[in-house]
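A.B. asks: Residue numbers for the sequence shown follow the working numbering, so the first one is 174 and each next one is one higher.
My questions will all concern the structure given below.
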Amino acid sequence: MLSRPMIDRIAFAGISYYAILIVAAILLGMVICISRAREYGIAEETVIDFMLLAIPLGIIFARIYYVIFRFNMYSDDLGAIFNIREGGLAIYGGIFGGLLAAKITCSRKNVRFADLLDAIAPALILGQAIGRWGNYINMEAYGFRVENEALQFFPFAVEIPIGTYWYWQMATFFYEFCWDILVFLILWFFVQNNRKQKGDVFRWYILLYCAGRTVIEGLRDDSLTFISDFVRISQIFSGILAFAMVLVFFFRIRESFSIVFLLPVCSSICAIIEVALGEFERNAYGDLFIFSQIGLLVMAALSVATLILWMIDCRHFDVKCAVAIIPNLLFMLILFIAGLGRANEDNTYYVTLRQMAAMIQMILSGYLLCYRFYPGELHIIEKRTARRRVIHE
């Protein structure tokens with residue numbers, strides 16, 4: 174028996190708070206999606222048709238994704254698979270179901286797939302933010318146990334019932350709620366007003382959300398795992414998807430090639446390696462500490478090289494590029510200095526800070542390739558390339 178009662182999950186008339194939050198997220202998402210769809214020339218009924226298909230498909234695929242990686246919980250009682258009131262919906266499965274619904278809707282209504290995705294993205298991330306409070310009601314999506322009494326307060330930590338007692342755990346559901354709100358604001362006020370190509374709002378949703386999820390997932394104590402308890406499926410999936418978006422931005426400017434364009438891709442690869450090293454270091458292999466520190470220096474060196482080579486190509490000081498690069502460069506250098514002498518200490522939180530710097534580097538790589546290195550600035554490089562060709566001939 175627990176030392177004190179569980180939070181009541183039922184709001185009224187047998188309806189759970191989790192269900193209310195899901196319905197609220199759907200209704201708010203529909204309003205936002207319709208308002209954005211008008212901007213892209215998509216009819217309101219198309220959005221409604223999409224939602225009617227996306228809701229069941231999203232829930233079904235979200236449940237399938239979760240059950241596949243937690244099948245041991247349901248193998249003795251297959252009927253429990255259908256009891257979603259107790260939680261157990263994985264967002265990546267839901268996104269896959271939503272993408273399938275969008276593709277079907279676009280085919281039926283003759284609507285551009287990229288435009289519909291751009292209309293959906295802000296609504297989707299806001300819905301995810303609302304849904305994270307359902308995780309709190311269901312006592313899930315929590316992080317490592319917090320033993321330090323000075324840190325046993327919300328929003329850093331939250332009490333979770335485990336066994337017969339309540340314990341303070343990191344409030345990772347709240348961290349992700351905050352990140353989702355920030356991503357929504359970036360999409361709403363910046364990205365959707367600065368689309369370089371159709372589909373960019375959704376691409377930035379993937380890059381931003383997955384970058385944050387890569388870090389936060391590493392702190393969770395109830396993740397879907399395989400092979401080992403610290404090999405987290407959603408963390409790996411998030412890192413891969415974020416890197417994939419960086420590659421998308423890179424390949425669409427490849428025709429105006431400059432060596433500087435490769436550096437953000439290299440930085441993103443280093444960011445993935447840094448996160449992976451941090452996970453192994455934090456969970457089992459402390460000897461990897463020195464390699465993680467070296468990774469910080471490599472990313473910092475790539476940032477400096479990117480800034481210098483871009484200014485050489487542009488033949489002027491790009492203030493926006495410098496403002497984007499320098500803060501995280503300083504952050505990485507500060508972390509490196511702070512890490513000196515920490516090789517044999519508990520680096521749980523320190524590893525997370527390094528992973529944050531790495532994924533910020535990933536986001537900055539996407540920003541440089543999508544905005545600073547995109548045609549508009551590229552005419553400078555193109556003129557230089559043409560001039561070289563004339564000289565060579």
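A virtual CB, placed ideally from N, CA and C, is assigned to each residue, including glycine.
Measure from the alpha carbon of residue 437 to the alpha carbon of each residue in 377, 540 and 371, then state which is nearest.
C.D. replies: If we check each option's Cα against that of residue 437, 540 comes out closest.
A.B. asks: Determine whether the beta carbon atoms of residue 238 and residue 298 lie at a separation below 9 Å.
C.D. replies: Their beta carbons are not under 9 Å apart, which means residue 238 does not touch residue 298 by this criterion.
A.B. asks: Using C-beta distances below 8 Å, list every residue in its chain close to residue 232, excluding the 5 sequence neighbours before and after it, in chain order.
C.D. replies: Cβ within range, chain order: 257, 262, 267 and 270.
A.B. asks: So, for residue 282: in the same chain, excluding its five sequence neighbours on each side, which residues have a beta-carbon less than 6 Å away from its beta-carbon?
C.D. replies: Excluding positions up to five away in sequence, the list reads 219.
A.B. asks: Can the beta-carbon of residue 265 be found less than 9 Å from the beta-carbon of residue 410?
C.D. replies: Contact flag set, yes.
A.B. asks: Suppose the cutoff is 7 Å on Cβ atoms and the five residues either side in sequence are ignored; what does the same chain contact list for residue 294 look like?
C.D. replies: Hits under 7 Å: 360, 374, 375 and 378.
A.B. asks: Ends of the alpha helix (DSSP H) at residue 452?
C.D. replies: Residues 435-456.
A.B. asks: Please classify residue 194 as buried or exposed, where buried requires at least 16 other C-beta atoms within 10 Å of its C-beta.
C.D. replies: Flag for residue 194 reads buried.
A.B. asks: Are there 16 or more other CB atoms within 10 angstroms of the CB of residue 204, so buried, or fewer, so exposed?
C.D. replies: Counting Cβ neighbours within 10 Å, residue 204 comes out exposed, since fewer than 16 surround it.
A.B. asks: Which class does residue 424 belong to by DSSP, given the choice of helix, strand or coil?
C.D. replies: In this structure, residue 424 counts as helix in the three-state DSSP scheme.
A.B. asks: Got a sec? Which residues, its chain only, sit under 7 Å from residue 446 by beta carbon, not counting five neighbours each side?
C.D. replies: The residues are 468.
A.B. asks: So if DSSP puts residue 219 in a beta bridge, which residue, or which two residues, is it bridged to?
C.D. replies: BP columns for residue 219 are empty, so no partner.
A.B. asks: Please report the distance separating the alpha-carbon of residue 475 from that of residue 497.
C.D. replies: Cα to Cα, residue 475 sits roughly 14 Å from residue 497.
A.B. asks: Tell me the DSSP bridge mates of residue 500?
C.D. replies: Partner(s): none; residue 500 has no beta bridge.
A.B. asks: Could you tell me the alpha carbon to alpha carbon distance between residue 533 and residue 502, rounded to whole angstroms?
C.D. replies: About 10 Å.
A.B. asks: Helix, strand or coil: how does DSSP classify residue 179 here?
C.D. replies: Residue state, collapsed to three classes: coil.
A.B. asks: How far does the alpha helix (DSSP H) with residue 540 in it extend, from its first residue to its last?
C.D. replies: 521-540 is the span of the alpha helix (DSSP H), which, as asked, contains residue 540.
A.B. asks: Using only CA atoms, which one of 288, 470 and 182 lies nearest to residue 510?
C.D. replies: The residue with the shortest Cα to Cα distance from residue 510 is 470.
A.B. asks: Using a threshold of 9 Å, state whether the C-beta atoms of residue 333 and residue 315 are closer than that.
C.D. replies: Yes, Cβ-Cβ distance for residue 333 and residue 315 is below 9 Å.
A.B. asks: Nearest to residue 354 by CA position, among 319, 365, 273 and 382, is which residue?
C.D. replies: For the residues 319, 365, 273 and 382, the minimum Cα distance to residue 354 belongs to 382.
A.B. asks: Which residue marks the beginning of the beta strand (DSSP E) containing residue 349, and which one marks its end?
C.D. replies: First-last for residue 349: 345-362, but that is the alpha helix (DSSP H), not the beta strand (DSSP E).
A.B. asks: Take residue 328 and list the residues in its own chain whose beta-carbon comes closer than 7 Å to its own, dropping the five residues that flank it on each side.
C.D. replies: Around residue 328: 344 and 347.
A.B. asks: Give the range of the beta strand (DSSP E) segment to which residue 334 is assigned.
C.D. replies: Looking at the DSSP string, the run of the beta strand (DSSP E) that includes residue 334 is 330-335.
A.B. asks: Which word fits residue 488, buried or exposed, when buried means at least 16 other C-beta atoms lie within 10 angstroms of its C-beta?
C.D. replies: Exposed, because fewer than 16 other Cβ atoms sit within 10 Å of the Cβ of residue 488.
A.B. asks: Per the DSSP calculation, residue 189 is bridged to which residue(s)?
C.D. replies: Bridge partners of residue 189: 183.
A.B. asks: Residue 439 to residue 186, Cα distance in whole Å?
C.D. replies: One C-alpha to the other measures close to 55 Å.
A.B. asks: Beta-carbon separation of residue 199 and residue 300 under 9 Å?
C.D. replies: Yes, the Cβ-Cβ distance between residue 199 and residue 300 is below 9 Å.
A.B. asks: Determine which residues share a DSSP beta bridge with residue 479 and list them.
C.D. replies: In DSSP, residue 479 forms no bridge with anything.
A.B. asks: Rounding to the nearest angstrom, what Cα-Cα distance links residue 545 and residue 494 in this structure?
C.D. replies: For residue 545 and residue 494, the distance between alpha carbons rounds to 7 Å.
A.B. asks: Would you mind stating whether residue 391 and residue 352 have Cβ atoms separated by less than 9 Å?
C.D. replies: Cβ atoms of residue 391 and residue 352: not closer than 9 Å.
A.B. asks: Going by alpha carbons, who is nearest to residue 506 out of 482, 483, 491 and 531?
C.D. replies: Out of 482, 483, 491 and 531, 531 has the C-alpha closest to the C-alpha of residue 506.
A.B. asks: Measuring alpha carbon to alpha carbon, tell me which of 458, 538, 335 and 307 ends up nearest residue 183.
C.D. replies: The shortest C-alpha separation from residue 183 is found at 307.
A.B. asks: Going by the CB atoms, is the gap between residue 452 and residue 408 shorter than 9 Å?
C.D. replies: Their beta carbons are under 9 Å apart, which means residue 408 touches residue 452 by this criterion.
A.B. asks: Using three-state DSSP, classify residue 399 as helix, strand or coil.
C.D. replies: Correct three-state label for residue 399: strand.
A.B. asks: By alpha-carbon positions, which one of 543, 180, 181 and 290 ends up nearest to residue 367?
C.D. replies: Selected option, being the one with the closest Cα: 543.
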